[in-house]
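To convert, note that position 130 of the sequence shown is 320 in the numbering used here; the numbers rise steadily by one, no gaps. C-beta: ideal position from N, C-alpha, C; glycine also. Everything numeric in this text was worked out from a predicted model, so none of it was measured.
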Amino acid sequence: MKILVPVDGSGDAYNTLRGACTLALRMGYSVVAFHVDRSELYTPEFSKWYTVQRRIETEFDMLAREVIRRSYGIGSELGVGMEVVMSVGEPASEILAYAGENGVVKLIAMSYGALTGATERLIEGVTKTVILQQDKPVLVSSNTMTISSILVVIEDVNDTGSSHGAMVKHAGMLARAFRARVGIMSLVPDLFAIAVDYGHIGEVPYIKSRKSFRRFENIYRQRTRTIASEATQLIAAIDATIPVTTKETDEADEVIAEAHNYGLIVIHPKQKAADNTLTDISKTLLNSRSLSTLFVP
191 MKILVPVDGS GDAYNTLRGA CTLALRMGYS VVAFHVDRSE LYTPEFSKWY TVQRRIETEF
251 DMLAREVIRR SYGIGSELGV GMEVVMSVGE PASEILAYAG ENGVVKLIAM SYGALTGATE
311 RLIEGVTKTV ILQQDKPVLV SSNTMTISSI LVVIEDVNDT GSSHGAMVKH AGMLARAFRA
371 RVGIMSLVPD LFAIAVDYGH IGEVPYIKSR KSFRRFENIY RQRTRTIASE ATQLIAAIDA
431 TIPVTTKETD EADEVIAEAH NYGLIVIHPK QKAADNTLTD ISKTLLNSRS LSTLFVP
C-alpha cells in the first residue's frame, strides 16, 4: 500500500513528505513522491518568446532534479520505502490520473502549496479538485505528522450513507497506529431553517415554543447522539483501548475552535446535494493552514 505525495519543491511540500513518511512507518506503507513538470503549459504562444520557453524548461528540469534528490534523501533518512514519479502536464489532472490508475495508492497527502507555488487561488483550486474528484482520502497538511489526538467531525446527521463509517474507521486506524485519543463532534443542524424549508411548521407564530417544534428538535438530537454512539462503537471494535469523547453543538464556529485543540481533523468533504461542492466546515478547514485535515470521501 502506498501514500501519494505531490511535491512541488516548496518547503511545505517537503514537510508534508516527511509527515507522509511518518504515517507510512506507522501504517506499514511506502511513499510515492509525485512531481509534475508544468513547463509544457507555458507554450511559446503563452510566453511570447522562444528563448523564454527554453528558460522555463531549464528551470523546471533543475527543479525536478532537486525534487528527486531531496525526496530520496528524506526516504533514506526516515527509513521509508520511497519511489519518485515524474509527470508532465496540469497538476490536478496528473494527480487524479495516477491515483485512479494505481489501486495500491490508499491515501493522497498534499501540502497547502502542492504543485503550484503560485497564488492562493491556484493552490486552493488544485487541492479542492483532488479532494472532490476522486474516491481516496486526501490529507491536507504542511506539518510533520505528530498525532496525539484526532477529531472526527460529523457535519451532516441527515446523511444515512456510509460516509460516517468511512471517516470513523480511518480515524480509528490512525488512532491505533499513533496511540492517539479521539474526539467525535456532531453538528446539530439549524432546525428552524429546516422547518421553514420543508414548510411543515414554518409559518406558525412562536414556533420554537411549540410542542411540535420541540418534538422535531428531540428527534434530531436523538439522531445526533445515535450517530455518535455508533461511531464510538466502531472505534472500540478497532481498538477498545482508544480513549473516545463525544460532543455536540449547533454552532459551526465552535467546531472550528475545537479543531485547533487536535492534531488531526477527519471530515467528509462533500455536500449531500452537490457532490462537487465542499461543505461549509470543510471550506474553513481547507483555508486553515495551521491545521491538518483528512478529507474522507
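Residue of the options minimising C-alpha distance to residue i
i    : options                : result
C211 : D251, K192, M357, K359 : K192
S200 : L253, V328, E345       : L253
S482 : Y452, K473, T467, L468 : Y452
V343 : V278, L207, V197, L377 : L377
L476 : T319, V222, G218, T414 : T319
V445 : P433, P379, N466, G362 : P379
Y410 : N333, D346, T467       : D346
C-alpha distance - residue i paired with residue j, whole-angstrom precision
i    : j    : result
D443 : I471 : 9 Å
L312 : N408 : In this prediction, L312 has a pLDDT of 48, which is less than 50 and means its spatial position is unreliable; what the coordinates show is noted afterwards. When rounded, the distance between both Cα atoms is 44 Å.
S419 : A367 : 22 Å
A214 : L364 : 11 Å
M357 : G263 : 33 Å
T436 : D202 : 32 Å
N292 : I285 : 11 Å
Y266 : S331 : Going by the sequence as given, residue 266 is Ser instead of Tyr. Cα to Cα, S266 sits roughly 22 Å from S331.
M137 : G315 : This structure gives no information on residue 137, because the portion of the chain shown stretches from 191 to 487.
V270 : S220 : 6 Å
T309 : T416 : For T309, the predicted model reports a pLDDT of 41, less than 50, meaning its position is unreliable; a value from the coordinates is still stated below. Each residue's alpha carbon lies about 43 Å from the other.
T414 : R405 : 14 Å
P196 : T336 : 20 Å
E280 : H450 : 33 Å
A304 : V328 : In this prediction, A304 has a pLDDT of 45, which is less than 50 and means its spatial position is unreliable; nothing more can be read from the coordinates.
G209 : D251 : 26 Å
Cβ-Cβ separation, residue j to residue i (assumed contact under 8 Å), whole Å
i    : j    : result
A421 : I374 : 5 Å
R479 : Y302 : 5 Å
E448 : L341 : 7 Å
L484 : H360 : 6 Å
I298 : P459 : Wrong, their Cβ atoms sit about 13 Å apart, outside the cutoff.
D227 : M276 : 7 Å
Heavy atom of the ligand FMN within 7 Å of residue i beta-carbon
i    : result
L377 : By its list of ligands, the structure shown contains no ligand whatsoever, and the ligand FMN lies outside what it can speak to.
Ordered list of beta strand (DSSP E) runs contained in the segment 251-288, each at least 3 residues: Taken in chain order, the whole beta strand (DSSP E) runs of length 3 or more contained in the segment 251-288 are 272-278.
Length-filtered (4 minimum) alpha helix (DSSP H) runs lying within the segment 413-472: List check, alpha helix (DSSP H) in window: 442-449.
Can you give, in chain order, each stretch of the beta strand (DSSP E) that sits fully within the segment 327-374 and has at least 3 residues? Qualifying beta strand (DSSP E) stretches, in chain order: 328-330, 339-344.
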